[in-house]
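**Q** Okay, so the sequence shown: first residue is 118 according to my numbering, each after it adds one. Where a beta carbon is used, it is the ideal one built from N, C-alpha and C, also for glycine.
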Amino acid sequence: MRDVIIIGGGVSGCASARELSRYKADILVLDKEEDVCCGTSKANSAIVHAGFDAPAGSRMAALNVAGSRRMPTLAKELDFAYQQCGSLVVCLSEEDRPALQKLYENGLTNGVEGLRIVERDELLAMEPNISDDAVAALWAPTGGIVCPFGLTYAFAENAATNGVQFQFDTEVERIEAIPGGWRLQTNRGPLEARCIVNAAGVHADELHNQVSDDTMTIVPRRGDYFLLDHAAADHVHHTIFQLPGKYGKGVLVTPTVHGNLLIGPTANDIDDKEDTATTAAELDEVRAKAGLAVKDLPLRQTITSFAGLRAHELRHEFFLQEAAPGFVDCAGIESPGLSASPAIGQAVAELVQSILHLPEKPDFNPRRKGILDPKTLSFAERAALVQKNPAYGQIICRCETVTEGEIVDAIHRVPGARSLDGVKRRTRAGMGRCQAGFCSPRVLEILARELGVPQEEITKCGGDSRLIVGTNKDSL
Numbered sequence: 118m119r120d121v122i123i124i125g126g127g128v129s130g131c132a133s134a135r136e137l138s139r140y141k142a143d144i145l146v147l148d149k150e151e152d153v154c155c156g157t158s159k160a161n162s163a164i165v166h167a168g169f170d171a172p173a174g175s176r177m178a179a180l181n182v183a184g185s186r187r188m189p190t191l192a193k194e195l196d197f198a199y200q201q202c203g204s205l206v207v208c209l210s211e212e213d214r215p216a217l218q219k220l221y222e223n224g225l226t227n228g229v230e231g232l233r234i235v236e237r238d239e240l241l242a243m244e245p246n247i248s249d250d251a252v253a254a255l256w257a258p259t260g261g262i263v264c265p266f267g268l269t270y271a272f273a274e275n276a277a278t279n280g281v282q283f284q285f286d287t288e289v290e291r292i293e294a295i296p297g298g299w300r301l302q303t304n305r306g307p308l309e310a311r312c313i314v315n316a317a318g319v320h321a322d323e324l325h326n327q328v329s330d331d332t333m334t335i336v337p338r339r340g341d342y343f344l345l346d347h348a349a350a351d352h353v354h355h356t357i358f359q360l361p362g363k364y365g366k367g368v369l370v371t372p373t374v375h376g377n378l379l380i381g382p383t384a385n386d387i388d389d390k391e392d393t394a395t396t397a398a399e400l401d402e403v404r405a406k407a408g409l410a411v412k413d414l415p416l417r418q419t420i421t422s423f424a425g426l427r428a429h430e431l432r433h434e435f436f437l438q439e440a441a442p443g444f445v446d447c448a449g450i451e452s453p454g455l456s457a458s459p460a461i462g463q464a465v466a467e468l469v470q471s472i473l474h475l476p477e478k479p480d481f482n483p484r485r486k487g488i489l490d491p492k493t494l495s496f497a498e499r500a501a502l503v504q505k506n507p508a509y510g511q512i513i514c515r516c517e518t519v520t521e522g523e524i525v526d527a528i529h530r531v532p533g534a535r536s537l538d539g540v541k542r543r544t545r546a547g548m549g550r551c552q553a554g555f556c557s558p559r560v561l562e563i564l565a566r567e568l569g570v571p572q573e574e575i576t577k578c579g580g581d582s583r584l585i586v587g588t589n590k591d592s593l
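Written out as structure tokens, the structure reads:
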């Protein structure tokens, strides 16, 4: 019997694993997909909320502010992309000023540092492309942007360094209490642990309701986005929100840490917890609302659109609790869950520690080094790197200038890339203007070579998403 099984390899599950790896324990992270970061954590706004929006006095507010405060130090410790660019909530009408003031006061109550209201002249100096209708904005200098993949992988890799194990393609079908712990019936056989952490995202209510009479209902809330090319990156310099007002609730416009522009999301409640398809109606809604706060948006520079699901619990609160003896919920983690993830992981670890009383690990390693990006090196340093390892001189993805060396590194990490999407999210190979049109065959070849499997077994994103189903010679 293991000490802890964490169900769900998203940012909350991996943050919890990393914090629990500070203790001497047998810890396993399960995920039904082929990798970590395959659900909500891979398709979101990629922003670190300052914490002014969450309801005052809520756990959501407290964890948001705590997580945001920890992010700069954590980015250095775990080596992931993060920028504290600040955020603006734009007021588009004088009649909406009371709502802006209320948001400011809510942020002060939540303990957000540096908040102030800026008037139009200062706002225009900060953002030249701001709407002609903008009259003022709430400025939050502690707001930021982050790579959600990089953050999740950083937590997971550091957890693995400290002894946490990962098991993929494993879906939990049933949970039952046993003496001293819990038994999970999975599609790959039974597993037992003294303590369970339920970090299953949109499916967390299904697990919770098997062990508790206090039922939980999670509604998948879908949001559609447009991702624009690097050529559009300088259109805004901060994360720009629209203050809900007479125009309704708008969408955000934000730079990304990788030099793109992101616009969205919508917020539509759906029934299917696996439905991440974009729809024409939702993308039209993004187009209609995008220009309210920022003018002249270069939507023709769109390189892709995508949709993600948020785990919206009807009470709109984070549920971090012992729902049954030895069963810890990490549920209802919707926005600002990414921002709060460092604090969520710590809170979960404290809950588990109060149950199991685990001894601390004296040799815990808090640091992790990310995948080396040759573009960050000087010419001389890069030349020396290529001389030492020629794979770093082989450009595989031309759009994002990703080398073979980076891809090989991504594959051999723990947990490492096993699919085209796994490589893409770790290295950005395939995330550029051509959206993997040119580099996919080469990435597929490298994956097959490094994993020691036929190319026919390599998938786009696990499951049955194989790219090769046969060869012309075989058919002839």
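Can you tell me where the beta strand (DSSP E) with F444 in it begins and where it stops?
**A** Element bounds for F444: F444 to A448.
**Q** Count the other CB atoms, across all protein chains shown, that sit within 10 Å of the CB of E211; report buried if there are 16 or more and exposed otherwise.
**A** With fewer than 16 other Cβ atoms within 10 Å, it is exposed.
**Q** With a floor of 4 residues, list each alpha helix (DSSP H) that falls wholly inside the stretch 498 to 568, ordered by position along the chain.
**A** Fully enclosed alpha helix (DSSP H) runs of 4 or longer: 521 to 528, 537 to 544 and 557 to 568.
**Q** Note down the Cα distance separating E194 from M188, rounded to an integer number of angstroms.
**A** Between E194 and M188, the C-alpha separation is close to 10 Å.
**Q** Would L435 pass as a contact of N315 if the rule is Cβ separation under 8 Å?
**A** Position check: residue 435 holds Phe in this sequence, whereas Leu was assumed. Contact flag unset, no.
**Q** Could you tell me which of H433, T373, D331 and F358 sits nearest to H347, measuring between CA atoms?
**A** Nearest option by C-alpha distance: T373.
**Q** Quick one, are the C-beta atoms of A273 and V153 less than 8 Å apart?
**A** It is a contact, given that the beta carbons lie within the stated cut-off.
**Q** I want to know whether the stretch 176 to 188 touches the stretch 339 to 356 - three or more CB-CB distances under 8 Å.
**A** Flag = no, the stretch 176 to 188 and the stretch 339 to 356 do not touch.
**Q** Which runs of the beta strand (DSSP E) spanning at least 3 residues fall entirely within the stretch 143 to 208, listed in chain order?
**A** Complete beta strand (DSSP E) runs here, min 3: 144 to 147 and 204 to 208.
**Q** Pull up the DSSP beta-bridge partners for D341, would you.
**A** A424.
**Q** Would you say the stretch 135 to 143 touches the stretch 414 to 432, given that touching needs at least three Cβ pairs under 8 Å?
**A** No: fewer than three Cβ pairs fall under 8 Å.
**Q** Can you tell me which of the three DSSP states N315 falls into?
**A** N315 falls in the strand class under three-state DSSP.
**Q** Measuring CB atoms only, is the stretch 292 to 304 touching the stretch 397 to 408, in the sense that at least three cross pairs come out at less than 8 Å?
**A** Contact between the stretch 292 to 304 and the stretch 397 to 408 is absent, because fewer than three Cβ pairs lie under 8 Å.
**Q** Evaluate V531 with the Cβ neighbour count: other Cβ atoms within 10 Å of its Cβ, from every protein chain shown; 16 or more gives buried, anything less gives exposed.
**A** Exposed is the call here.
**Q** If we ignore side chains and look at the alpha-carbon of each, how far apart do T303 and V328 end up?
**A** One C-alpha to the other measures close to 16 Å.
**Q** List the DSSP bridge partners of F358.
**A** Note: F358 sits in a beta bridge opposite V206.
**Q** For I313, which residues from the same chain have a beta carbon less than 6 Å from its beta carbon, with the 5 sequence-adjacent residues on both sides left out?
**A** Once the five neighbours on either side are set aside, the close Cβ partners of I313 are I122, W299 and F444.
**Q** Per DSSP, what kind of secondary structure is H433 in: helix, strand or coil?
**A** Correct three-state label for H433: coil.
**Q** Might you give, ordered along the chain, the residues of its own chain that have their beta carbon closer than 7 Å to the beta carbon of V229, omitting 5 neighbours on each side?
**A** These residues qualify, in order along the chain: A167, G168, F169, V182, A257 and T259.
**Q** Ordered along the chain, which non-local residues of its own chain (more than five positions away) have a Cβ less than 7 Å from that of E223?
**A** For the sequence presented, residue 223 should be read as Asn rather than Glu. Within the same chain, N223 has close Cβ partners F169 and A173.
**Q** Tell me the DSSP secondary structure of F283 in three-state form.
**A** Looking at F283 - three-state DSSP - the assignment turns out to be strand.
**Q** Would a check of beta-carbon distances place R135 closer than 8 Å to chain C?
**A** Of the protein chains in this structure there is only one, and it is not chain C.
**Q** Measure the beta-carbon distance from A310 to D120 and round it to whole angstroms, keeping in mind my assumption that it falls under 8 Å.
**A** Yes, they are in contact, since the Cβ atoms of A310 and D120 sit about 7 Å apart, within 8 Å.
**Q** Enumerate in chain order the residues of its own chain whose CB-to-CB distance from A350 is below 7 Å, with the five nearest sequence positions on each side excluded.
**A** Excluding sequence neighbours, A350 sits near P372, G376, N377 and L378.
**Q** Going along the chain, which residues of its own chain have a beta-carbon closer than 7 Å to the beta-carbon of L301, five neighbours each way excluded?
**A** Once the five neighbours on either side are set aside, the close Cβ partners of L301 are I122, V289, I292, P307 and L308.
**Q** Quick one: what's got a C-beta closer than 8 Å to A565's C-beta in the same chain, skipping five residues either side?
**A** The answer, listed in chain order, is P571, Q572, E574 and I575.
**Q** Between A251 and L209, what straight-line distance do the alpha-carbon atoms span, to the nearest angstrom?
**A** When rounded, the distance between both Cα atoms is 4 Å.
**Q** Could you spell out where the alpha helix (DSSP H) holding E467 opens and where it closes?
**A** Run containing E467: G454 to L473, per the alpha helix (DSSP H) assignment.
**Q** Check each candidate in G367, D413 and L426 and name the one with the smallest Cα separation from T395.
**A** The candidate whose alpha carbon is nearest that of T395 is L426.
**Q** Of the residues L489, S204, L360 and N482, which one's Cα is nearest the Cα of E244?
**A** The shortest Cα separation from E244 among L489, S204, L360 and N482 belongs to S204.
**Q** For V540 and A534, I'd like the C-alpha separation in whole angstroms.
**A** Roughly 5 Å between the two C-alpha positions.
**Q** From L321 to A464, what distance separates their C-alpha atoms?
**A** It should be pointed out that residue 321 corresponds to Ala in this sequence rather than to Leu. A321 and A464: Cα-Cα distance of roughly 17 Å.
**Q** Does DSSP put A441 in a helix, a strand or coil?
**A** The answer is strand: DSSP assigns A441 an E or B state.
**Q** To the nearest angstrom, how far is the alpha carbon of E391 from that of P361?
**A** When rounded, the distance between both Cα atoms is 29 Å.
**Q** For my contact list, R543 and A527 are in at a C-beta cut-off of 8 Å; report their separation, rounded to the angstrom.
**A** About 4 Å; that satisfies the 8 Å criterion.
**Q** Between the Cα of I472 and the Cα atoms of P453, E439, K486 and T518, which residue gives the shortest distance?
**A** Nearest of P453, E439, K486 and T518 to I472, Cα basis: E439.
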